[in-house]
Every structure is written in structure tokens, then in C-alpha cells.
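Asks:
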Amino acid sequence: MSLAVLKSRALAGMEAPEVNVEVHLANGLPAFAIVGLPETEVKEAKDRVRAAIQNGGFDFPAQRITVNLAPADLPKESGRFDLPIALGILAASRQIPASRLPQYEFAGELSLSGDLRPVRGALAMAFAMQRSGASPAFILPQANADEAALAGKVHIYPAVTLLQVCAHFASGEAASALSRHTPRLPQVVSDYPDFAEVKGQQSAKRALEVAAAGSHSVLLLGPPGAGKTMLAVRLAGLLPRMTDDEALEAAAVQSLSGRFSIDQWKRRPFRAPHHTASGVALVGGGSQPRPGEISLAHCGILFLDELAEFDRRVLEVLRQPLESSRVTISRAARQADFPARFQLVAAMNPCPCGYMGHESGRCHCTLDSIFRYQNRISGPLLDRIDMQIQVNAVTPEALSAEADGELSATIAARVELAYQRQLARQQKSNQLLSTGEIDHHCRLDRTGARRLQHAMVHFNWSARAYHRVLKVARTIADLEGLATINAAHVGEAVQYRRALLER
């Protein structure tokens, strides 16, 4: 037999299209060619595969070897094709049986010694196998087994070395060298920093409770050292528990970046890029598009500290994902879609020196410089942030006193109850309500309607701001277990949009 055909998977955004790995041996001068639009790391597979086959005790054919990765117009990247290429050469040269190869799909990078190294995107590949109804068995490196097994219906067979995979096919069904993997799901443990450690800041804590209950975006504004970052990193401990679908979506995105660990299962992502990050780092990109920070924060929190220090053009890339919860990266030859349903939490100083409004009177910034500093955040982006929270400096008396705040677990229980009310009513969080759903689910009493209309006229709000205030008021009512939004709920929601200077 001089031809062997095996199945593998490429990656194209969140998709993992099937790839046929065709290996042909022909007479002639020894040569090794890989065709089918391979990237550099795929072309380098020739040296890895040669060494792995020889170090595994097999003969490397002294023939003309042609490997075709079909379809030819689909770009192929990474070392995941090493394993199927090596097995194809061994099957085509009759060193291993080829009869059972069509029953499996393969992915794995080979070391020179023949050990299998993990690859990124294992979960996405397993999901694609499940959806396509193709071969239900998947052979891949041991390090990717827990991740791929989350797909559910796919039979995962982890392997440590190329030799072990070859033994699996040489031994026959009765004495298989590989055993089916049973997924290992760790116990979900909440080890986030606790809100009880934060002294004072009761109004900020209340606002973050509202933000957590409705998945609302937040801007924390206050002087240096007031506790903005301290509050932000503790917000993740208040968020509702992840559903299985949310956990799988978040895990699939993490898998594409090669950073997923089974110990992160059902833990809300918390991403905090530095203010020097580029727009591509936030959105994602590359010749082979990969997810950026906003997609890696899917179903979790994207924390942007020192918001005004980010390049304004970088911040503008957040505007579309905040509305659509998706990112589409377009290149000349291909397009990739990534989910981006994240909760934006940002922190910034109120002025260039940071001490505007501080009781010490240390701020000497002019009104013009304060406007210029705050205007680094564009109006359209600010309009998409639901809540602006003033975080004032903590007094020496409060700092020296014992911490008397509520435990995160206590606040999280109220948040979870409010979130369950939202799921029962509309099957989603309040932040995700469409315009039509807002009209149906965010009903105001007469006094509340008048107060909201007055605020819209007084502050000259856009229709988007009107709807976002209404959704925040709906969340406040959910925390109190009320079906109708009243004037008190509207009044509190209005206060959460007035931290920055009026524009």
C-alpha cells in the first residue's frame, strides 16, 4: 500500500473544519513534500516527523513522500498535523495496519523523541467532530484529554508517545494500547478576594452589587489609592454561577489561545490588559486570526485599569463588541468570528493629577485640563458604559477601624437570586435585553416614568443612555424582588451615570 488517508482538523476562528491528510509514497529520489497551503510550522513537520519515526524504532522510507492536506484552499497552521502525517507515512509503508485508521481523527505535535506535545484548540476540534457526526473517536496528546472530553459525545483516546499510538493499531481491538478517557471535572471553588476586606466604600459596594446582578458595565472614578482596583478584582466573586453552556463557551475560547486548564472550569475569566495594549491585542487578529482580550474575557470580566491612559483609538474598538457581544475579524483571504460577551469594568482618575475633589485640596488642575483628560474617553464609548461610580478616598478613621463589610458570599447570594429572577422572566441577564424586550420587561410605575423622562431631558441623554438606565433600574428592582420599577429604583439608576463632568 503506497497511499494512506487520515483525518484531522484545522482551526478557522471558532470553527474546526475537517482536513484529510493524504500520504503517498512513490519511487524516485528520496524527498519529502507537504502541500495544501501549509504555514511555516506545518512545513517544519518534515524534520520533526522524520526524527520521531526513527527514534520510535521504525524505518523512515527512502522514497518520494508527498503529503497533501485537503482541502487545498484552507490555510493549515500549528504542529497539530505531525501525528497524522507520521501515522500516514507508517501506514503507507506498511509498518502499521491501516484498516482502523478511518475510524479515528488525529491531532498532536511530535517531539524529536516521539513524545506527543499538547496543541491548542482541542476543545474546538472535539466540538466540530460532535456537530458533524463524523468519526466519534479522537486520538490526541494526554495533556489535551480533559479539555477535549468536555465536548461530551466524542470518544477521547489520549496518548503519550507516537509508539503508543502505533501499538494501539498494531494490537487489534481486543488488546488496545489506548483506553477511552473519562473527563475529570474539578470542584468549583470560589477563592476570589473577599469584599469584607474593603473598609468603607459602602456606596461603591452597593453599585458593584447592582452591576454584578445585571452584568452591567462599570466605570470606577476616584483618586489614587481610593480602592478602585481593590473593588474591581473582588467583583468576580459576586458574579452568578456559570451555566454549563457558558462554561463550555468560555473554555472553547481559552482553548483557541492554548491557555485553558481544567482547573479553570466554571470560573469566570478575569482579564486585565495593560494600558499599553494595542487594538489587535484587545480585539484579536493575526494572519491566522486568534481571539483577543475581549474574547478571552467571554462570560467574565474585562478590567481596564487607568482607562484614560489607553490610546483613544484602542478604546474605540470596544464600542461594537459592547453592543453585539461578538467580534468579526476580517482579512483579505479569510474571516473569523469570536464571541465577546464580557462585562467591562474600568477605573480612572478624575483629572491629570488624580486628586480632583479630594478633601486635602491637592488638586490644582484647571477646568480646561480636566475636560481634556476626561475627554480621552469618547462620548460614544462612555454612552455604552451603564454605570459611573464615584469612589472617594477612605478617611484615616475608617482605615484604622475593623473591617465591617459584608462577606462576598452574602452579597453573591443576593446577586444569584436576582439573576435567577431574570432567567425565569427573560432567559438572559438584564444587560442583554433588546429594545423590544425592554418595553415588555422593564415596566415603570407612573412616578418612575415621570422621573426617568425628566432626567433624560435634563441631562440630554441619548436613546441608548435612556435604555441603559432603564435596564439598571430593572436590576435594582430584581434585587428587591419587585416586578414593577418604581421612582426609587429609577433615582438610584440615574445617580450611576453622573460621575464624570457633564459634556
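Residue numbers (my numbering): 799 to 1301.
Just so you know, even glycine gets a beta-carbon here, dropped at the ideal spot from N, CA and C.
Is the beta carbon of Ala1145 closer than 8 Å to that of Leu1080?
Replies: Not closer than 8 Å, so no.
Asks: Quick one: what's Arg862 bridged to in DSSP?
Replies: Answer by DSSP bridge pairing, in chain order: Ala824, Ala829.
Asks: Take Arg1249 and list the residues in its own chain whose beta-carbon comes closer than 7 Å to its own, dropping the five residues that flank it on each side.
Replies: Closer than 7 Å at the Cβ level, and outside the excluded window around Arg1249, lie Ala1285, Val1288, Gly1289.
Asks: Note down the Cα distance separating Arg1124 from Val1112, rounded to an integer number of angstroms.
Replies: C-alpha separation (whole angstroms): 17 Å.
Asks: Taking Lys1026 as the reference, which of Arg1241, Lys1003, Gly1012 has the closest Cα?
Replies: That would be Lys1003, whose Cα lies nearest to the Cα of Lys1026.
Asks: I'd like the list of long-range same chain contacts for Asp913, defined as Cβ closer than 6 Å, with 5 residues on each side in sequence excluded.
Replies: Closer than 6 Å at the Cβ level, and outside the excluded window around Asp913, lie Thr959.
Asks: By how many angstroms is the C-alpha of Pro916 removed from the C-alpha of Leu888?
Replies: The straight-line gap from Cα to Cα measures roughly 22 Å.
Asks: Excluding the 5 residues preceding and the 5 following Glu1204 in the sequence, name in chain order all residues of the same chain whose CB lies nearer than 8 Å to its CB.
Replies: Same-chain partners within the cutoff: Phe993, Ala994, Lys1003.
Asks: Nearest by alpha-carbon distance to Pro1022: which of Ala1291, Asp1043, Gly1177, Gly1155 is it?
Replies: Residue Gly1155 is the option with its Cα nearest to Pro1022.
Asks: Can you tell me whether DSSP reads Arg1111 as helix, strand or coil?
Replies: In the structure shown, Arg1111 sits in a helix (DSSP, three-state: H, G or I).
Asks: Where does Lys874 sit, in a helix, a strand or coil, going by DSSP?
Replies: In this structure, Lys874 counts as strand in the three-state DSSP scheme.
Asks: Tell me the rounded alpha-carbon separation between His1073 and Ile883.
Replies: Distance between the alpha carbons of His1073 and Ile883 is about 43 Å.
Asks: Let me check understanding here. Comparing Cα to Cα, which of Gly854, Val1016, Gly906, Phe967 lies closest to Gln1188?
Replies: If we check each option's Cα against that of Gln1188, Val1016 comes out closest.
Asks: Once DSSP output is grouped into helix, strand and coil, what is the label at His1014?
Replies: Coil.
Asks: Just the Cα atoms here: how many angstroms apart are Ala1009 and Asp1276?
Replies: Near 12 Å, if we compare the C-alpha coordinates of Asp1276 and Ala1009.
Asks: How would you write the range of the alpha helix (DSSP H) that Val1213 sits in, first residue to last?
Replies: Taken as a continuous stretch (DSSP letters only), the alpha helix (DSSP H) holding Val1213 covers 1206–1224.
Asks: Quick check: what's the CA-CA separation for Leu812 versus Pro991?
Replies: Per the sequence shown, residue 812 should be read as Met rather than Leu. Approximately 32 Å between the Cα atoms of the pair.
Asks: If we count Cβ pairs, one from each stretch, closer than 8 Å, do we get three or more for the segment 1089–1104 versus the segment 1132–1140?
Replies: As far as the Cβ criterion goes, the segment 1089–1104 touches the segment 1132–1140, which means the pair count is three or higher.
Asks: Which first and last residues belong to the beta strand (DSSP E) in which Phe904 is found?
Replies: Note, Phe904: beta strand (DSSP E), 902–904.
Asks: What do you get for Lys805, buried or exposed, if any count of 16 or more other CB atoms within 10 angstroms of its CB means buried?
Replies: Buried, because 16 or more other Cβ atoms sit within 10 Å of the Cβ of Lys805.
Asks: Going by CA-CA distance only, name the one from Val817, Ala1263, Val1051, Leu1231 that's closest to Ala1291.
Replies: Ala1291 has its Cα closest to that of Ala1263, out of Val817, Ala1263, Val1051, Leu1231.
Asks: So if DSSP puts Ser1128 in a beta bridge, which residue, or which two residues, is it bridged to?
Replies: DSSP, once it has assigned bridges, lists Gln1133 as partnering Ser1128.
Asks: Could you give the first and the last residue of the continuous alpha helix (DSSP H) run that contains Ser977?
Replies: Per DSSP, Ser977 belongs to no alpha helix (DSSP H) and is neither H nor E.
Asks: What do you get for Glu945, buried or exposed, if any count of 16 or more other CB atoms within 10 angstroms of its CB means buried?
Replies: Buried.
Asks: In whole angstroms, what separates the C-alpha of Leu809 from that of Glu842?
Replies: Rounded to whole angstroms, Leu809 to Glu842 spans 18 Å at the Cα level.
Asks: Cα-Cα, which of Ile1236, Gln1224, Thr1193, Pro1087 is closest to Lys997?
Replies: Nearest of Ile1236, Gln1224, Thr1193, Pro1087 to Lys997, Cα basis: Thr1193.
Asks: Return helix, strand or coil for Thr1282, following the three-state DSSP convention.
Replies: Three-state result, Thr1282: coil.
Asks: Report the option in Lys951, Asp1181, Gly1084 whose CA atom is closest to the CA atom of Gln1118.
Replies: Among Lys951, Asp1181, Gly1084, the Cα nearest to that of Gln1118 belongs to Asp1181.
Asks: Let me make sure I understand the geometry here. Which of Asp871, Ala924, Ile937 has the alpha-carbon closest to that of Pro900?
Replies: Comparing Cα positions, the closest option is Ile937.
Asks: How about Arg1266 and Asp1184: are their beta carbons less than 8 Å apart?
Replies: Yes.
Asks: Roughly how many angstroms lie between the CA atoms of Gly1077 and Gln1229, to the nearest whole one?
Replies: Those two C-alpha atoms are separated by around 24 Å.
Asks: Are the CB atoms of Phe967 and Arg878 nearer to each other than 8 Å?
Replies: No, Cβ-Cβ distance for Phe967 and Arg878 is not below 8 Å.
Asks: Does the separation of the CB atoms of Ile1283 and Gly1246 fall below 8 Å?
Replies: Contact flag set, yes.
Asks: Please check the pair Leu908 and Ala850, which I expect to be a contact at CB under 8 Å, by giving their CB distance rounded to whole angstroms.
Replies: Rounded, the Cβ-Cβ distance is 4 Å, consistent with contact.
Asks: Let me know the secondary structure DSSP gives Gln940 once reduced to three states.
Replies: Residue state, collapsed to three classes: helix.
Asks: Looking only at C-alpha atoms, which of Arg862, Gln893, Gly826 sits nearest to Phe856?
Replies: Checked all of Arg862, Gln893, Gly826; the closest Cα to Phe856 is Gln893.
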